[in-house]
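Undergrad: Before anything else, here's the structure in question.
2 protein chains.
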Amino acid sequence: MSPKITTELLKQLRQVMKSPKYVQEPVQAYIVPSGDAHQSEYIAPCDCRRAFISGFDGSAGTAIVTEQHAAMWTDGRYFLQAAHQMDNNWTLMKLGLKDTPTQEDWLVSVLPEGSKVGVDPFIIPADQWKRMSKALRSAGHDLVPVKENLIDTIWTDRPQRPCKPLITLDLSYTGVTWRDKIVALRSKMAERKVPWFVVTALDEVAWLFNLRGSDVEYNPVFFAYAVIGMNTIRLFIDGDRMMDPAVREHLQLDSTLEPEFKIQVMPYGSILSELQAVGASLSPKEKVWISDKASYALTEAVPKAYRYLTPYTPICIAKAVKNASETEGMRRAHIKDAVALCELFNWLEKEVPKGTVTEIIAADKAEEFRSQQKDFVELSFATISSTGPNGAIIHYKPVPETNRTLSVNEIYLLDSGAQYRDGTTDVTRTMHFGTPSAYEKECFTYVLKGHIAVSAAIFPNGTKGHLLDSFARSALWDCGLDYLHGTGHGVGSFLNVHEGPCGISYKTFADEPLEAGMIVSDEPGYYEDGSFGIRIENVVLVIPAETKYNFKNRGSLTFEPLTLVPIQTKMIDVNLLTQKECNWVNDYHQKCREVIGAELERQGRHEALQWLIRETEPLIRVQ
Amino acid sequence: MSPKITTELLKQLRQVMKSPKYVQEPVQAYIVPSGDAHQSEYIAPCDCRRAFISGFDGSAGTAIVTEQHAAMWTDGRYFLQAAHQMDNNWTLMKLGLKDTPTQEDWLVSVLPEGSKVGVDPFIIPADQWKRMSKALRSAGHDLVPVKENLIDTIWTDRPQRPCKPLITLDLSYTGVTWRDKIVALRSKMAERKVPWFVVTALDEVAWLFNLRGSDVEYNPVFFAYAVIGMNTIRLFIDGDRMMDPAVREHLQLDSTLEPEFKIQVMPYGSILSELQAVGASLSPKEKVWISDKASYALTEAVPKAYRYLTPYTPICIAKAVKNASETEGMRRAHIKDAVALCELFNWLEKEVPKGTVTEIIAADKAEEFRSQQKDFVELSFATISSTGPNGAIIHYKPVPETNRTLSVNEIYLLDSGAQYRDGTTDVTRTMHFGTPSAYEKECFTYVLKGHIAVSAAIFPNGTKGHLLDSFARSALWDCGLDYLHGTGHGVGSFLNVHEGPCGISYKTFADEPLEAGMIVSDEPGYYEDGSFGIRIENVVLVIPAETKYNFKNRGSLTFEPLTLVPIQTKMIDVNLLTQKECNWVNDYHQKCREVIGAELERQGRHEALQWLIRETEPLIRVQ
């Protein structure tokens with residue numbers, strides 16, 4: 001991976017930062033956030049502005065360019081990748097390390113007095129705007145919205161915004177009709193006495209209308225906004241996809257409906273003016289509910305006194321708690337996914353010793369096996385197929401320049417997943433196709449102990465996920481080891497593989513309490529720069545737990561693994577496990593054998609079945 | 001404990017809330033916070049306004065009185081106590097429960113439109129003012145400062161503010177002179193380019209000047225403020241205590257000193273006008289550093305543009321990391337404290353079966369044994385001496401109305417501590433003087449497992465205490481049990497028994513990372529309302545941990561117990577412990593036997609020594 005040469009681009013950007021054609025007054029710094037106008041994590045090529053200007057294309061990062069400096073903030077998952085992809089024009093700011101300045105502090109330290117800092121108001125979330133604006137103002141600078149995106153002005157071959165056909169999901173997948181979702185949303189609005197609600201996140205629009213799209217790779221969403229009133233529904237969406245008869249019928253666009261369920265379809269680009277019109281029409285005490293992470297531009301469209309901002313929308317919270325149809329769909333998706341991975345690992349075991357399998361070939365093969373499964377749509381994220389030192393690059397994606405050949409001498413880490421019509425998967429397994437060293441086994445076993453500690457944890461109703469994060473690290477901490485990423489994230493149901501409002505992380509973000517029906521990942525790891533990476537990830541469902549007692553009738557919760565793929569026992573130092581942990585592994589493998597074994601049998605995949613049976617032999621503790 | 005009858009008082013308060021003599025405009029609600037003008041947790045009798053108006057005298061709680069309602073917010077430690085102490089005029093608002101409204105939400109729900117909510121600006125912290133003011137304003141109400149404290153106007157026999165003699169601490173106790181502390185503080189001020197610093201917390205004033213007082217029971221502090229400039233030191237303090245020759249010499253008041261170390265002594269009451277004068281004298285870019293928890297009145301004394309607010313002051317952080325002299329002092333204090341408790345428990349074992357020992361007698365006896373120890377000053381908090389159902393009242397203090405007799409049939413919980421000139425102690429032991437039931441032993445053992453999980457935890461440098469809280473709960477959670485308080489708090493060195501900025505709690509407050517030298521408590525519990533209470537508390541020192549590996553050279557930390565008092569093995573169900581936990585108990589008891597045994601020997605306390613040897617017999621796991 002050679003870095004992108006950005007000298008010329010930065011020169012051009014610094015020119016437009018001073019050009020009266022684009023800015024009212026020159027800006028001394030320009031912020032290029034990661035997201036799109038919907039604050040998506042995964043974005044369409046036309047929105048990859050930060051990657052365009054810097055070369056760094058990880059999923060999280062913010063670039064700031066001043067007249068003399070260019071700096072990139074990203075987190076521990078991407079330290080190595082960003083360092084590889086960016087040239088010497090850029091300074092890497094490692095988030096989470098003690099001495100890394102915040103963007104605001106850094107700006108204040110480098111800017112000349114009375115500077116203007118520009119940003120696209122459609123890209124920056126309102127909460128970030130507020131924080132940054134306040135910090136800059138108190139240091140004598142100004143954060144200013146720059147209407148035209150300055151990256152776009154220098155990006156000559158910028159791709160078009162995608163506008164692909166939609167997929168309609170019937171009740172067997174969603175469990176609830178879009179009409180009932182609107183009814184439930186309006187009841188939440190009535191509870192808070194807020195007559196308007198703006199849907200800005202793409203996965204929230206998709207979930208609300210039981211529609212899916214493919215405008216963004218890996219995330220089955222489409223570019224749209226919605227504004228829901230107590231009696232009106234406005235959907236802002238472009239292209240002729242609303243001409244599709246299936247979509248028209250699904251949304252009942254041509255039926256005679258009660259007016260409060262009649263969807264008005266409007267152009268995507270008209271959201272700002274329509275929202276301004278709603279804002280202007282409000283009577284006192286009427287408010288518009290909008291996420292505090294919505295763009296500054298949309299937030300500003302509603303006068304301040306009429307805004308009702310919350311960190312999580314009622315859709316975000318409702319979407320996180322999967323209903324029975326969604327849970328069953330997720331179970332089916334994970335069974336199919338496990339079948340594909342059993343095939344893959346069986347194949348790898350035979351092929352790797354020949355020295356012909358590269359990281360890219362392995363990733364392609366994983367996709368091939370997944371695509372053979374029913375209702376497969378696409379991958380749910382770029383496959384992390386990494387061997388040896390590449391495994392230590394936490395969100396590595398193999399490209400020809402870095403592509404290593406799998407061997408019997410190195411650890412192989414595969415973090416992959418897919419979108420099926422019935423669910424979304426995300427699973428990481430770490431394998432050795434030869435003989436792992438004692439040290440590799442030791443580290444793997446600590447990671448496994450952490451994985452089990454979370455997966456088997458029992459905790460009271462109302463517990464927030466961040467309270468479980470240390471369970472995943474305890475065994476590593478005991479030996480002075482750790483990993484620089486969170487332990488788990490919410491997973492959508494045939495939706496984004498990363499979703500809020502819950503998660504398991506040491507970062508104290510405003511996570512919502514875990515509830516039965518929520519689905520998160522459990523993925524501790526250990527990474528040794530330049531040597532290897534280990535991660536063990538299951539997707540797990542929050543379920544009620546039976547306990548001996550029931551303090552204050554609060555009830556307890558625990559996790560049920562949805563992912564049912566063997567954890568390589570060859571990598572386990574069984575004598576580092578407690579009997580309880582050993583039993584957990586054996587019970588888990590027993591369930592893999594039963595559930596996935598039956599499906600492999602049904603699909604006539606006998607060789608993979610033999611592999612599964614071999615890989616799920618019970619562990620025996622010698623101690 | 002019969003509730004205080006508050007009908008007449010509330011009537012009087014509601015009258016003054018409307019009286020032009022005290023308020024410019026009538027206030028429809030009046031807030032009575034817990035603290036004093038220094039936001040102290042423990043307060044002098046003259047500041048116990050919330051207890052006066054409500055009857056509830058726990059250490060934490062906020063009262064709000066409106067024309068029709070009176071409500072009290074307090075946390076899980078005090079639910080039972082508050083319910084017992086308050087009459088029917090009061091509604092108890094249980095903090096931490098899901099359905100409990102915030103003070104702001106409750107006010108908005110009960111107030112007529114456009115109400116004024118009054119509060120004493122010297123008592124409410126600036127951060128609380130800001131949050132509450134904002135919430136009230138957005139609902140059309142106003143938070144207004146009421147200069148005269150309205151409680152004081154109806155409190156006819158309100159005690160005088162205490163003004164007791166000071167204690168000077170020499171270098172052997174403090175490790176650092178006050179001059180060197182001023183130098184270090186000024187270097188922190190220079191780092192942040194802030195030329196003024198206001199010391200508002202009583203323990204910070206005491207720590208900075210190496211002085212102690214006795215104005216507040218249990219906390220060896222005195223009423224004072226300080227304002228430190230780069231070249232000036234102003235100490236605001238009343239009374240003739242500055243006439244004491246020892247104090248004058250300690251502070252070098254009569255020496256010819258470099259001007260920047262010359263202390264100007266000013267009246268306590270002149271802080272507001274002096275601070276206003278400092279604020280008015282500032283040139284642009286000069287700021288005044290003040291805690292964001294300082295009173296609204298003092299914060300407002302400095303114009304907004306000149307305020308530099310932080311959640312923790314540099315004194316708070318420096319004070320938390322004990323130096324070698326302080327650590328050695330704390331060790332000595334804990335050894336003496338353990339001697340007193342060995343005497344007490346030996347005495348209780350003999351006396352309880354006679355049926356003559358009440359909770360109050362036991363508490364008094366504990367104080368008697370402590371007072372026999374060298375450098376004993378006073379208790380560090382009101383002794384929680386509770387048996388049977390009283391043990392479930394988390395911060396219970398025995399009074400004649402509730403005083404139970406200890407017996408061989410009930411669990412006895414003693415949470416007590418003392419101030420010695422060389423250190424502050426805080427220890428809880430839970431004992432049974434007969435035969436505990438299997439259920440009591442089971443619960444005790446879960447609590448012990450939690451205690452050990454924290455005490456033995458190894459974690460990376462930079463870890464915040466809240467990440468360790470779940471370790472203390474895990475064994476309880478597994479059985480559906482829990483406790484409704486945090487796991488640990490910072491402990492001062494011959495200072496407040498509760499101090500910031502670190503702690504171990506599920507509440508995500510802004511705790512500072514743990515550092516070697518910090519001292520916290522480790523005190524999980526389990527409480528069964530109406531039956532019993534269990535808590536096991538040690539004070540522990542953060543120390544560097546030796547680990548097998550050292551990820552990114554971060555270094556690791558762990559805890560060393562300073563408290564060395566046997567944990568009653570009779571209460572332990574040894575078969576619920578792992579071998580590792582069992583070893584921890586045995587190692588701990590071995591250390592108690594060696595260290596405290598030697599001191600008991602030295603003090604000639606042979607009977608207590610025999611008791612100690614008996615109580616520290618090693619556990620043996622049968623499994």
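From first to last, the protein sequence lines are chains A and B.
Take the first sequence: its position 111, counted from the start at 1, is 111 in UniProt numbering, and no numbers get skipped.
Take the second sequence: its position 100, counted from the start at 1, is 100 in UniProt numbering, and no numbers get skipped.
Where is the CB? At the ideal position from N, CA and C, for every residue including glycine.
In this text the structure is predicted, and so the values were computed from the model without any measurement.
Cα separation between residue 114 of chain A and residue 196 of chain B?
TA: Residue 114 of chain A sits at position 114 when you count from the first residue of the first sequence. Residue 196 of chain B sits at position 196 when you count from the first residue of the second sequence. So the alpha carbons of these two residues sit roughly 25 Å apart.
Undergrad: Quick check: what's the CA-CA separation for residue 35 of chain B versus residue 550 of chain A?
TA: What you label residue 35 of chain B is simply residue 35 of the second sequence in a count that begins at 1. What you label residue 550 of chain A is simply residue 550 of the first sequence in a count that begins at 1. Going from the Cα of residue 35 of chain B to the Cα of residue 550 of chain A covers about 36 Å.
Undergrad: By Cβ distance, which residues of its chain are closer than 6 Å to residue 265 of chain A, with the 5 residues on each side in sequence left out?
TA: In the first sequence, the residue the question calls residue 265 of chain A occupies position 265. Closer than 6 Å at Cβ, skipping near neighbours: 235, 242.
Undergrad: What is the DSSP secondary structure of residue 236 of chain B, counted as helix, strand or coil?
TA: Locating residue 236 of chain B in the second sequence gives position 236, where the first residue counts as 1. Of the three classes helix, strand and coil, the one that applies to residue 236 of chain B here is strand, per DSSP.
Undergrad: Determine the contact status of residue 78 of chain B and residue 55 of chain B, defining contact as a CB-CB distance below 8 Å.
TA: Within the second sequence, residue 78 of chain B is the residue found at index 78, counting from 1. Within the second sequence, residue 55 of chain B is the residue found at index 55, counting from 1. No. Outside cutoff.
Undergrad: Report the rounded CA-to-CA distance for residue 445 of chain A versus residue 548 of chain B, giving the unit in angstroms.
TA: Indexing the first sequence from 1 puts residue 445 of chain A at position 445. Indexing the second sequence from 1 puts residue 548 of chain B at position 548. Residue 445 of chain A and residue 548 of chain B: Cα-Cα distance of roughly 15 Å.
Undergrad: Along chain B, in chain order, which residues have C-beta atoms closer than 9 Å to that of residue 471 of chain A?
TA: Taking the first residue of the first sequence as position 1, residue 471 of chain A is located at position 471. Simply 470, 471, 474.
Undergrad: For residue 556 of chain A, go through chain B and note every residue whose CB falls closer than 8 Å to its CB, in chain order.
TA: Mapped onto the first sequence, residue 556 of chain A falls at position 556. Correct list: 477, 480.
Undergrad: Does residue 548 of chain A have its Cβ less than 8 Å from a Cβ in chain B?
TA: The sequence position of residue 548 of chain A within the first sequence is 548, counting from 1. Answer yes: the Cβ-Cβ gap between residue 548 of chain A and chain B drops below 8 Å somewhere.
Undergrad: Please determine, among B:607, B:433, B:351, B:402, the residue with the shortest C-alpha to C-alpha distance to residue 568 of chain B.
TA: As a first step, residue 568 of chain B is located in the second sequence; it is residue number 568 there, counting from the start. Per the Cα distances, B:433.
Undergrad: Can you grab the Cα-Cα spacing for the pair residue 267 of chain B / residue 237 of chain B, in whole Å?
TA: Counted from its first residue, the second sequence places residue 267 of chain B at position 267. Counted from its first residue, the second sequence places residue 237 of chain B at position 237. Using only the alpha carbons, I get a separation of about 5 Å.
Undergrad: Considering only their Cβ atoms, is the gap separating residue 370 of chain B from residue 340 of chain B smaller than 8 Å?
TA: What you label residue 340 of chain B is simply residue 340 of the second sequence in a count that begins at 1. What you label residue 370 of chain B is simply residue 370 of the second sequence in a count that begins at 1. It is a contact, given that the beta carbons lie within the stated cut-off.
Undergrad: Taking only three categories from DSSP, how would you classify residue 264 of chain B?
TA: One-based indexing of the second sequence puts residue 264 of chain B at position 264. Strand, per DSSP.
Undergrad: Tell me residue 499 of chain A's beta-bridge partners as DSSP assigns them.
TA: Locating residue 499 of chain A in the first sequence gives position 499, where the first residue counts as 1. Answer is A:490, bridged to residue 499 of chain A.
Undergrad: At 3 residues or longer, and completely inside the region 264–334 of chain B: list those beta strand (DSSP E) runs for me, N to C.
TA: 288–291, 307–310
Undergrad: Whose CA, out of A:422, A:560, A:332, lies closest to the CA of residue 545 of chain A?
TA: Here residue 545 of chain A refers to the residue found at position 545 when the first sequence is read from its first residue. Nearest of A:422, A:560, A:332 to residue 545 of chain A, Cα basis: A:560.
Undergrad: I'd like to know if residue 98 of chain B contacts chain A, where contact means its C-beta is closer than 8 Å to some C-beta of that chain.
TA: Here residue 98 of chain B refers to the residue found at position 98 of the second sequence. Residue 98 of chain B belongs to the set of residues whose beta carbon lies under 8 Å from a beta carbon in chain A.
Undergrad: Between the Cα of residue 275 of chain B and the Cα atoms of B:12, B:555, B:465, B:225, which residue gives the shortest distance?
TA: Against the second sequence, residue 275 of chain B aligns to sequence position 275. Closest by C-alpha distance to residue 275 of chain B, out of B:12, B:555, B:465, B:225, is B:225.
Undergrad: What residues of chain A sit near residue 460 of chain B, judged by a beta carbon separation below 7 Å?
TA: Stepping through the second sequence from its first residue, residue 460 of chain B is reached at position 460. Here the neighbours are 477, 482.
Undergrad: Residues of chain B with a CB under 7 Å from the CB of residue 506 of chain A: which are they?
TA: Here residue 506 of chain A corresponds to residue number 506 of the first sequence, with the count starting at 1. Per Cβ cutoff of 7 Å: 467.
Undergrad: Quick one: what does DSSP say residue 251 of chain B is sitting in, helix, strand or coil?
TA: Within the second sequence, numbered from 1, the residue matching residue 251 of chain B stands at position 251. In this structure, residue 251 of chain B counts as coil in the three-state DSSP scheme.
Undergrad: So, does the region 180–193 of chain B touch the region 18–30 of chain B, judging by three or more C-beta pairs under 8 Å?
TA: no
Undergrad: Could you give the distance in angstroms between the alpha-carbon of residue 204 of chain A and the alpha-carbon of residue 95 of chain A?
TA: Here residue 204 of chain A corresponds to residue number 204 of the first sequence, with the count starting at 1. Here residue 95 of chain A corresponds to residue number 95 of the first sequence, with the count starting at 1. Answer to the nearest angstrom: the Cα atoms are 28 Å apart.
Undergrad: Which chain A residues are close to residue 551 of chain B, counting only those with a beta carbon under 7 Å from its beta carbon?
TA: Stepping through the second sequence from its first residue, residue 551 of chain B is reached at position 551. Residues of chain A passing the Cβ test: 480, 481, 482.
Undergrad: What is the residue span of the beta strand (DSSP E) that residue 450 of chain A lies within?
TA: Here residue 450 of chain A refers to the residue found at position 450 of the first sequence. Here residue 450 of chain A belongs to no beta strand (DSSP E); instead the alpha helix (DSSP H) covers 438–455.
Undergrad: Quick one: measure Cβ to Cβ for residue 411 of chain B and residue 465 of chain B, integer angstroms, because I've assumed they're closer than 8 Å.
TA: Locating residue 411 of chain B in the second sequence gives position 411, counting from the first residue. Locating residue 465 of chain B in the second sequence gives position 465, counting from the first residue. Not confirmed; about 28 Å, so no contact.
Undergrad: For residue 311 of chain B and residue 501 of chain B, I'd like the C-alpha separation in whole angstroms.
TA: For the purposes of this step, residue 311 of chain B is taken as the residue at position 311 of the second sequence. For the purposes of this step, residue 501 of chain B is taken as the residue at position 501 of the second sequence. For the pair residue 311 of chain B and residue 501 of chain B, the Cα-to-Cα distance works out to about 9 Å.
Undergrad: Provide the residue(s) that pair with residue 209 of chain A in DSSP beta bridges, ordered along the chain.
TA: By one-based count along the first sequence, residue 209 of chain A stands at place 209. Paired residue(s): none; residue 209 of chain A is not in a bridge.
Undergrad: Along the beta strand (DSSP E) that carries residue 419 of chain B, what are the first and last residues, could you check?
TA: What you label residue 419 of chain B is simply residue 419 of the second sequence in a count that begins at 1. Counting along the chain, the beta strand (DSSP E) containing residue 419 of chain B begins and ends at 418–420.
Undergrad: If you draw a straight line from the C-alpha of residue 532 of chain A to the C-alpha of residue 130 of chain A, how long is it?
TA: The residue labelled residue 532 of chain A in the question sits at position 532 within the first sequence. The residue labelled residue 130 of chain A in the question sits at position 130 within the first sequence. Approximately 41 Å between the Cα atoms of the pair.
Undergrad: Report the three-state DSSP secondary structure of residue 230 of chain A (helix, strand or coil).
TA: For this step, residue 230 of chain A is matched to residue 230 along the first sequence. Residue 230 of chain A: coil per DSSP, three-state reduction.
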